[in-house]
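A.B. asks: Just dropping this structure here.
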Amino acid sequence: MFFPSALWLSSAIAHDHLSVSPDLPMTEVVKLMSQAHKSYVLVVDADQLVGIFTERDVVRLTAAKTSWLEVAIATVMTTPVITLQESEATDVLVLLSRLWRHRIRHLPILDQRERIIGVVTRQSIREALKPAALLKARQIHEVMVSPVVAAPITTSVLQLSQLMHQHQISCVVLVQPEATNPAIAKPIGILTERDVVRLQAQNLDLAQTSVVAVINRPLHAIQPQASLWSAHEQMQQHQIRRLVVVGEAGELLGLVTQSSILQSLDPLELHPTLDALQQEVEARTQAMQQTNEQLQREIVERVKVEQTLQSQIAKEQLMSAIANHMRQSLHLDTILNTTVEEVRQFLQVDRVLIYRFESNGNSTVAVESVATDRMSIVGKMMEAAYFTKRCRQSYQMGQMQAIADVTQANLPSRYLHLLALLQARAALTVPILRGDELWGLLSAYQCAQPRQWQPLEIELLQQLSTQVGIAIQQAQLYQQLEVANQELRRLANSDGLTELANRRSFDEYLDKEWRRALRHRTPLALIMGDVDFFKRYNDCYGHLRGDRCLQQVAAVLRQTAKRPADLAARYGGEEFAILLPNTEDRGATLVATEIQTRIQTLRIPHAQSSIADYVTLSLGIACLVPRTGIAPTFLIAAADKALYQAKMAGRDRYLIYQESTQG
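Just so we're aligned, residue 55 is where the sequence shown starts under this note's numbering, counting upward by one.
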C-alpha cells in the first residue's frame, strides 16, 4: 500500500473550485470558466452538489452545433456526479483508482453532510506527489501519446471541436508541411478545450473563425529523450497541461500530458520489495491453510475427539486474527504485543514473551504478556551466557525446544537460572528468523505446573514465528521507506550547500505567513542580507573557501532565527533572507544587529574587501502589516531596496525601508 500523510491528502484536494446555481445561463457559465481559467464548474443547489460541467462538455456541445448557450446549465450539466467521501480518501491509490475507473478528470470530495470540501484533479495529485526522483528516471518517449490527432492550419475551429469530440481528446495539434520536405508535418500551434471555452465566451462564430488567430503560441515543445521531470517543470513554469513532442527536425512525434505523467507515478512501483513480502505472507498463509485442511481430514478419518477438532478451529481463528493484525499494521511494537497477548490467551499459559538478540550476543525481552500474579520482566537485558553461541546456532537452523518439566530435564545451570527467573516449570521456544538471520525467540511458559506440549501448540508457535519474521521485514522496510521519504522532503525544501530553506520553500512560507498576517492584522518583517564583495572573495580564495564562507554565514542566520516561526533561507548566490512573523521594526533591528555582531565575531579573513579585513554583511529590513491590494512581492522589493541603500551607504550595516520613500 501507499502511506501518505494526512497533510499530503489535504494538499491533493483543490479548494478553489468554481460553483454556480442550476438556473444560470450557459453564456454566463462559459464566461466565468474563461475568466477564472477553470476547466470545470460545480452546480450547487442548497449547498448540495447536483451536477458538473467541464471543458469537454463545451467541446461536445460545440461539435454538435446545437443552440445551447442560452439554456440554463441544469439542462446540459452531467448528473449525477461521481464523488468521493472525505473518509474514503485514505490514500493516493483510492483517488487514482476512482479517476481512472470512471475516466474522469475531476473528483469532488464531500463531507459527511454531502457538502463540497474540494475537488481532486490529476493536476492536484501530480503537484502533491512531488515525485522528482521517479520523474527524473523516466523519459518522454516511454509515456507520450502517439500518434497524435493533428489537423492542417486551414481547419476551422468548429471542425477542430468536432475532431476533439469524435476522438474524446482534449486538444488538436495544428501542423503544416515542411517547405523543403512536404512529407514532414511540423507542429505550429495547438487548440485546446480551454480555447473553445474562451472562444464561446466571446460569442464568436466558430465555423467562420480562423484557427490561425486563436491557436496557442508560442508552442511549447519537448524532445522524446528528455526526462518526465523536465516536462513537469515546463508545465509548472508555463501553467499548461500538455507539451508537443518533436524530433530533431522539428517533426511531430507525439504529445505528453498531465495524465501521461500521472499514470507513470504508480505508487506501487515505490514498494516492490514490500509487495514481494506481502506475496510471501499470502503464499505461506495459503500453505498453512492447506496443511490445516489436511490435518482436519486426518482428524475426521481417525475419529478424533471433538475437543481436538475445536482446538484446531480455535488455532485457525487465532492465526487468522493475528495475520489480519499483521496486514493492517506496519508498526512492529503493535504486531509483537498483539502476538504475545493472543498466544497467551489461546494456550492458557502464564507467560509469553519475545526475546530480541543484539549484535553482542545479549538479548532483550522486547514484549511480554504475563498473568497478573507473576512478575513482569519486559525490557530486561539477558546476558549472552543464557543463550550461548552454540544455542543460537541451533535456533538459527530452525530447531525448537519443548520442555515439559524443567525439574526433570537435563538442562545447563545457566539455563536453569533463566527459567528460575521466569518462575517457569514448562517452556516452549521457537526461533524467529528474519530471512536467514536469527532475530529473536518466541517463548511460552507454564509456571504453576509441568505441561506436555501438544503437536498443535508447537505447530502454532512455529507458524506464528514465521509470520512474525515476515512482519518484521515488512515493518523495517516501511521504516526505511519513511526515512527515505523524509530525506526526500528535506532535500526538496533545503539548500544543498547551506542546509537553510531554499528559494521555493521560502516563497511558499512567505505566502503562507502573508495570508496569516493579513487575517490577523499582525506585522511581518523581512531581512535581506548580502555578503559584501563576495565575488572578490571567491576570486581571491577559490570556490571551496567561498562555499565554506556561505556555510558559516548560514550557521549564524540559523542561530539568530531562534523562534519556531522564524525562517532563514538562501535566497540566491550570496544573498540570504530571514522572515520574522509577528515582528515590528524594533525586533527586526535587534535580529539584524545580532547577525552582524556574530558575523564580525567569526573574523573570516577577506583581503579583497574595501571596507574591512574580514567578511561583512549588508542588510536591508522591511516591516509592514499586510493589507489588501499589495502582494508578498512588495515586502521582498522593499527589503531588497533597503539592502541596496545599505550597500550604497558603505556596506557592513543595515537600513530600514521607509514606506513613504517608495517609488
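All residues carry an ideal CB built from backbone N, CA and C; glycine is no exception.
So the candidates are E513, S224 and V229; which of them puts its Cα closest to the Cα of A205?
C.D. replies: Taking the sequence shown and counting its residues from 1, one reaches residue 205 at position 151. Considering only alpha carbons, the answer is V229.
A.B. asks: Just the Cα atoms here: how many angstroms apart are I431 and V585?
C.D. replies: Taking the first residue of the sequence shown as 1, we reach residue 431 at position 377. Taking the first residue of the sequence shown as 1, we reach residue 585 at position 531. Distance between the alpha carbons of I431 and V585: 60 Å.
A.B. asks: Mind checking whether V266 and G243 have CB atoms under 9 Å apart?
C.D. replies: Position 212 of the sequence shown holds residue 266. Position 189 of the sequence shown holds residue 243. Taking 9 Å as the Cβ cut-off, V266 and G243 qualify as a contacting pair.
A.B. asks: Relative to the C-alpha of Q312, which candidate in R295, L306, Q193 and A456 has its C-alpha closest?
C.D. replies: Your numbering for residue 312 matches position 258 in the sequence shown. Here the closest residue by C-alpha is R295.
A.B. asks: Can you name the residues that DSSP bridges to S75?
C.D. replies: By 1-based counting over the sequence shown, the position of residue 75 is 21. Residue pairing for S75: DSSP places it in no beta bridge.
A.B. asks: By DSSP, does D706 sit in helix, in strand, or in coil?
C.D. replies: On the sequence shown, position 652 is the one that residue 706 refers to. It is coil, neither helix nor strand.
A.B. asks: Taking DSSP as the reference, what is the three-state secondary structure of C501?
C.D. replies: Taking the sequence shown and counting its residues from 1, one reaches residue 501 at position 447. Residue state, collapsed to three classes: coil.
A.B. asks: What are the boundary residues of the alpha helix (DSSP H) that T637 is part of?
C.D. replies: Walking along the sequence shown from the start, residue 637 turns up at place 583. From DSSP, T637 is part of no alpha helix (DSSP H); its letter is neither H nor E.
A.B. asks: So is L482 buried or exposed if we call it buried at 16+ other beta carbons inside 10 Å?
C.D. replies: As a working mapping, residue 482 is identified with position 428 in the sequence shown. Counting Cβ neighbours within 10 Å, L482 comes out buried, since at least 16 surround it.
A.B. asks: Relative to the C-alpha of H660, which candidate in I710, G600, M218 and I690 has its C-alpha closest?
C.D. replies: Against the sequence shown, residue 660 aligns to sequence position 606. Among I710, G600, M218 and I690, the Cα nearest to that of H660 is on G600.
A.B. asks: Can you check whether the CB of L297 is closer than 9 Å to the CB of A285?
C.D. replies: Locating residue 285 in the sequence shown gives position 231, where the first residue counts as 1. Locating residue 297 in the sequence shown gives position 243, where the first residue counts as 1. Going by C-beta atoms, A285 is nearer than 9 Å to L297.
A.B. asks: Considering only residues of the same chain and omitting the five flanking positions on each side of I665, which have a CB-CB separation below 6 Å?
C.D. replies: Mapped onto the sequence shown, residue 665 falls at position 611. R705 and D706.
A.B. asks: Take T682 as the anchor and find which of G415, K85, R570 and L709 has the nearest alpha-carbon.
C.D. replies: As a working mapping, residue 682 is identified with position 628 in the sequence shown. Checking every option, the nearest Cα to that of T682 belongs to R570.
A.B. asks: Might you give, ordered along the chain, the residues of its own chain that have their beta carbon closer than 6 Å to the beta carbon of K701, omitting 5 neighbours on each side?
C.D. replies: Taking the sequence shown and counting its residues from 1, the one referred to as residue 701 is at position 647. So the qualifying residues of the chain are S672.
A.B. asks: Is M218 helix, strand or coil when you go by DSSP?
C.D. replies: Residue 218 sits at position 164 when you count from the first residue of the sequence shown. In this structure, M218 counts as helix in the three-state DSSP scheme.
A.B. asks: Could you tell me the distance, in whole angstroms, from the CA atom of L138 to the CA atom of L153?
C.D. replies: The count along the sequence shown starts at 1 and reaches residue 138 at position 84. The count along the sequence shown starts at 1 and reaches residue 153 at position 99. Cα to Cα, the separation comes out at about 10 Å.
A.B. asks: Let me make sure I understand the geometry here. Which of L598, E395 and R410 has the alpha-carbon closest to that of V403?
C.D. replies: Position 349 of the sequence shown, counted from the first residue, corresponds to residue 403. Checking every option, the nearest Cα to that of V403 belongs to E395.
A.B. asks: Terminal residues of the continuous alpha helix (DSSP H) containing E513?
C.D. replies: Here residue 513 refers to the residue found at position 459 when the sequence shown is read from its first residue. Looking at the DSSP string, the run of the alpha helix (DSSP H) that includes E513 is P509 to N547.
A.B. asks: Determine the direct distance from the alpha carbon of V148 to that of R488, and round the result to whole angstroms.
C.D. replies: Translated into the one-based positions of the sequence shown, residue 488 becomes position 434. Translated into the one-based positions of the sequence shown, residue 148 becomes position 94. So the two alpha carbons sit approximately 32 Å from each other.
A.B. asks: Could you say which of A693, R602 and D639 lies nearest to Y625 if we only look at CA atoms?
C.D. replies: Reading the sequence shown from its first residue, position 571 is the one you call residue 625. Comparing Cα-Cα distances from Y625 to each of A693, R602 and D639, the minimum goes to A693.
A.B. asks: Taking the alpha carbon of P466 as the reference point, which residue from F441, F688 and P577 has its own alpha carbon closest?
C.D. replies: In the sequence shown, residue 466 corresponds to position 412, counting from 1. Of F441, F688 and P577, the residue nearest in Cα terms is F441.
A.B. asks: Have a look at I354 and A341 and give me their C-alpha separation to the nearest angstrom.
C.D. replies: Walking along the sequence shown from the start, residue 354 turns up at place 300. Walking along the sequence shown from the start, residue 341 turns up at place 287. It should be pointed out that residue 354 corresponds to Val in this sequence rather than to Ile. So the alpha carbons of these two residues sit roughly 20 Å apart.
A.B. asks: Can you tell me whether A66 is helix, strand or coil according to DSSP?
C.D. replies: Locating residue 66 in the sequence shown gives position 12, counting from the first residue. Of the three classes helix, strand and coil, the one that applies to A66 here is coil, per DSSP.
A.B. asks: Rounded C-beta distance between L245 and L214? I'm assuming under 8 Å.
C.D. replies: Against the sequence shown, residue 245 aligns to sequence position 191. Against the sequence shown, residue 214 aligns to sequence position 160. The pair is a contact, with the Cβ atoms about 5 Å apart (cut-off 8 Å).
A.B. asks: Who are the Cβ neighbours of L324 in its own chain at under 6 Å, not counting the five residues just before and after it?
C.D. replies: Position 270 of the sequence shown, counted from the first residue, corresponds to residue 324. Here L324 scores only 42 on pLDDT, less than 50, and its place in the model should not be relied on; the value that follows carries that caveat. Nothing meets the Cβ criterion.
A.B. asks: In or out: H219 buried (at least 16 other Cβ within 10 Å) or exposed?
C.D. replies: Counting from 1 along the sequence shown, the entry for residue 219 is found at position 165. Answer is buried; the Cβ neighbour count reaches 16.
A.B. asks: Look up W283 in the DSSP assignment and say whether it is helix, strand or coil.
C.D. replies: Within the sequence shown, residue 283 is the residue found at index 229, counting from 1. W283 falls in the helix class under three-state DSSP.
A.B. asks: Considering only the beta carbon of each residue, do L309 and C225 sit closer than 9 Å?
C.D. replies: Numbered from 1 along the sequence shown, position 255 holds the residue referred to as residue 309. Numbered from 1 along the sequence shown, position 171 holds the residue referred to as residue 225. Cβ distance < 9 Å, so L309 and C225 count as in contact.
A.B. asks: Between D99 and the rest of its own chain, which residues show a CB-CB distance below 7 Å, the 5 nearest in sequence each way excluded?
C.D. replies: Counting from one through the sequence shown, the residue named residue 99 turns up at place 45. So the list reads S75 and P76, once near-sequence residues are dropped.
A.B. asks: Residues in the same chain with beta-carbon distance under 6 Å from L123, minus the five sequence neighbours each way, listed in chain order, please.
C.D. replies: Residue numbering aside, residue 123 sits at position 69 when the sequence shown is read from its first letter. Around L123: M80 and T81.
A.B. asks: Mind checking who Q139 pairs with in its DSSP beta bridge?
C.D. replies: If you number the sequence shown from 1, residue 139 lands on position 85. In the DSSP output, where bridge partners are listed per residue, Q139 has L164.
A.B. asks: Is T234 helix, strand or coil by DSSP?
C.D. replies: As a first step, residue 234 is located in the sequence shown; it is residue number 180 there, counting from the start. Note: T234 maps to coil in three-state DSSP.
A.B. asks: Just the C-alpha distance for M582 and E553, rounded to the nearest angstrom, thanks.
C.D. replies: Along the sequence shown, one-based indexing puts residue 582 at 528. Along the sequence shown, one-based indexing puts residue 553 at 499. Taking the straight line joining both Cα atoms gives about 18 Å.
A.B. asks: Can you name the start and end residues of the beta strand (DSSP E) that K240 belongs to?
C.D. replies: On the sequence shown, position 186 is the one that residue 240 refers to. Element bounds for K240: A239 to T246.
A.B. asks: Consult DSSP for I315 and reduce its assignment to one of helix, strand or coil.
C.D. replies: Your numbering for residue 315 matches position 261 in the sequence shown. Note: I315 maps to helix in three-state DSSP.
A.B. asks: At which residues does the alpha helix (DSSP H) containing G600 begin and terminate?
C.D. replies: Here residue 600 refers to the residue found at position 546 when the sequence shown is read from its first residue. Looking at the DSSP string, the run of the alpha helix (DSSP H) that includes G600 is H597 to T614.
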